[in-house]
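Residue numbers (the working numbering): 192 to 797. Backbone N, C-alpha and C fix where the C-beta goes; we use that ideal spot for every residue, glycine too. As the structure is a computational prediction, the values presented were derived from the model and not from experiment. First comes the structure, then the notes that go with it.
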Amino acid sequence: MANRRISRAVGSTSLEIKCLFLFGIFLLVVMAFSLGLYWQVTEKAVKEQRPVMADGLVDQLMLKVHWEGLETADDFLPIVEGLMEDFAKKLVDKDIEATFLYNPDSPQYPVSGRGRPANQFEAEVIARFMRSRAGNGAEEEVPSFVEVSSPGSDRYYYYEPIYAKQSCKPCHNELPPGSALGIALPGPTGASSNPLAAGDLMAVAKISLPNENLRDAFNRAWSWLLAAAIVTAFMAMVAFYIVIRYVVVRPVQHLRDVSDSIAHGDINMRADIHTGDEFEALAVAFNRMLRHLVDAHDELRNANVNLDVKVDELAKLNMQLYETNRIKSDFMATMSHELRTPLNSILGFSDVLGSIDALDAKQKRYVQNIQKSGRLLLEMINNVLDLAKIESGKMELRLTDFDVRRVIGAQCDMARPLSEKKNIDLIEEIQPDLPPMHQDQGRVQQILNNLLSNAIKFTPEGGRIKVVARRDDQGRLIVQVIDTGVGIAEEDQQAIFEKFRQGTTSMPGGDAMTREYGGSGLGLSICRELCNLLGGDVTVQSELGTGSTFTVRLPWQIEQKPILDSPLTADFDEFSKSSRLDRARLGPVNSNGQTTNGRTPAADAR
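Below is the structure:
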């Protein structure tokens, strides 16, 4: 969560602040690491010098003791005593303690108490050094010295063992044990029966130094390091700010000002940067892009003018086409209406002729042909009239409540004689207990009649047609007409719903006048228009040579009668909209036909 907030805060700031912030963090991290490493190395080096200094004091202490113990000249004793007093005074002035520690368990060691361990820790140190005597068989590794300096302690303690060497034996074994150098190892009975041997622990030199001076030196060094780090960071930030401000930010701000001016309409504004680096190259590329944009803008303006002229011409042509199509529709409706009157008379007279008993078989066959052709022609005329009504927007719905099972069953019964003539099985599969449907019963029957007629027409003899009706989860009527006919190619499955179109079942060449199957090609087009009128749709799934499945989806009830306008009327309204040119956006037009912003209406038409 915190990382996202930091990223959001840094990402929303300016380039200058962002660079300073990131550089400052990086600089602080690098300086903290460098100074911390330098401090650790320096502190380690200083601490490593303390044992060296203490070891030097041990050597001085050894010289002092030997000088005091071995000097026998009476004339030189006052000088030696004076030098020793000066040495002791220097140690006291520097608050340095230098002395020897002896084994307290040895009766041969000084009995005055001088040199005995001051605490348990010093006794353990002596014991550790005692285990290094030759021949004791100890496997423990004994250090050459022991140092103690606790973080809260005021002093530093250094312990170094003094082991006997071969050169020490003559003097120390000959002198009495009570003298300063007469140190002998105790025997089993406590007497000095064991002479001093090489490798024996003679004493432990103890050096004590004050920690206060060292801590003060550390603090002074740390203060100087911290001050140097602060000054370095401040100077680096100032230098980086100057570089970012005048080398990076100023050219970027200039480019931003130029882009803002161009956005406000000053397309003649250009970037002017002469830094001799990448920003100058960027400014050159920016100016080149502006020139291309201006040229493209001019070309687009000219293209829009030409396009607007073409659109106006297309609108006029579409209005002419609309008017021509309206005249054609009116002509077809009028001619269909005029043809239906004499055709009804012809059908009536054919019915009268068919009822005459005196006709022979040949004459009756002629009469039946007249009736069949007349009914087919009447159906085609009715389809043309329905299509004309739909295109003119005058198709009206008569909404009633009816039984879906009864309507579908009646349509199947009406189509069954035609299917039996071709030896086609017509099967019904209707969901039981369907509630009454509130729709236009006549239009539903017309849709089913057209689909069944097509299925019978395009299904060969011995085929099968199945009608499935059910109600889906959305409360819609689903009617499927499934046949085993010739099928429809995939590229023709949308074209068959257009007017006067059939699939690839026509003769090779695709000429509508040489169709293999008869018909006007209006049945499926009327089905789609009627489904849209009833608030539904119709789809097809087919495979050439296998069969087709037409699916009709209709709402179970319609509360209001939908108004179906002609598609051509909608297209005409779209082209004739006066709002195609947005006068409010262009502004008022002056006497020269241009707007106040210098644009022509034709240029901004699109």
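So residue i and residue j are in contact, right, with Cβ under 8 Å, and what is the actual spacing, rounded?
i, j, result
"Asp-345", "Glu-403", "6 Å"
"Ile-581", "Glu-720", "5 Å"
"Phe-336", "Tyr-354", "In fact, because the Cβ distance is near 12 Å, the residues do not count as touching under 8 Å."
"Tyr-293", "Ala-420", "Incorrect: roughly 51 Å between the Cβ atoms, too far for contact."
"Glu-619", "Val-658", "5 Å"
"Leu-481", "Ile-453", "7 Å"
"Leu-724", "Arg-634", "7 Å"
For residue i and residue j, what's the separation of their Cα atoms in angstroms?
i, j, result
"Cys-210", "Gln-444", "15 Å"
"Tyr-432", "Phe-217", "14 Å"
"Ala-325", "Cys-362", "Residue placement at Ala-325 is poorly supported in this model, since its pLDDT is 43, which falls under 50; the coordinates are not used for a value here."
"Gly-539", "Leu-568", "14 Å"
"Ile-518", "Lys-501", "25 Å"
"Gln-632", "Thr-591", "7 Å"
"Gln-732", "Gly-738", "9 Å"
"Gly-215", "Phe-409", "27 Å"
"Gln-562", "Leu-508", "44 Å"
"Asn-478", "Asp-499", "31 Å"
"Pro-377", "Thr-290", "Reliability of the predicted coordinates at Pro-377 is poor, the pLDDT of 39 falling under 50, and the value obtained from them is presented with this limitation in mind. Their Cα atoms are separated by approximately 22 Å."
"Pro-746", "Gly-714", "21 Å"
"Leu-219", "Leu-416", "14 Å"
"His-488", "Asn-516", "40 Å"
"Gly-600", "Asn-560", "29 Å"
"Glu-514", "Leu-484", "43 Å"
"Val-575", "Leu-544", "29 Å"
"Glu-587", "Gly-726", "13 Å"
"Glu-681", "Ile-537", "42 Å"
"Gly-328", "Glu-338", "Note that Gly-328 has pLDDT 47, beneath the 50 cutoff, so the model's placement of it is unreliable and the number below is only indicative. For Gly-328 and Glu-338, the distance between alpha carbons rounds to 26 Å."
"Pro-442", "Trp-230", "42 Å"
"Glu-798", "Ala-388", "A query on residue 798 cannot be resolved here, the shown segment of the chain reaching from 192 to 797 and no further."
"Val-598", "Ala-579", "26 Å"
Assign residue i to buried or exposed, taking buried as 16 or more other Cβ atoms, counted over all protein chains shown, within 10 Å of its Cβ.
i, result
"Ala-430", "exposed"
"Met-426", "exposed"
"Ala-660", "buried"
"Tyr-347", "buried"
"Leu-668", "buried"
"Ile-673", "buried"
"Thr-675", "buried"
"Glu-734", "exposed"
"Asp-577", "buried"
"Ser-610", "buried"
"Lys-397", "buried"
"Phe-741", "buried"
"Asn-645", "buried"
"Ala-309", "exposed"
"Gly-414", "Here the sequence assigns Ser to residue 414, which means Gly is not the residue at that position. So Ser-414 counts as exposed."
"Gly-666", "exposed"
"Leu-228", "exposed"
"Ser-225", "exposed"
"Gln-511", "exposed"
Which partner residues does residue i have in the DSSP bridge list?
i, result
"Arg-744", "Ile-669 and Asp-728"
"Gly-738", "Glu-734"
"Leu-416", "Its beta-bridge partners do not exist; DSSP assigns none."
"Asp-592", "His-629"
"Thr-290", "Lys-397"
"Glu-619", "Val-658"
"Leu-392", "Tyr-354"
"Arg-346", "Pro-401"
"Val-337", "Tyr-350"
"Asp-674", "Ile-656 and Ser-739"
Does the ligand HEM have even one heavy atom less than 7 Å from the beta-carbon of residue i?
i, result
"Asn-645", "Summarising the ligand content, the structure contains no ligands, and the ligand HEM is consequently not present."
Inspect the CB distances between the region 635-654 and the region 598-612 and report whether three or more fall short of 8 Å.
yes
Contact the region 438-457 vs the region 469-481: 3+ CB pairs below 8 Å: yes
Q) With a cut-off of 8 Å, do at least 3 Cβ pairs link the region 607-626 to the region 647-656? A) yes
(message) Measuring CB atoms only, is the region 509-525 touching the region 541-559, in the sense that at least three cross pairs come out at less than 8 Å?
(response) no
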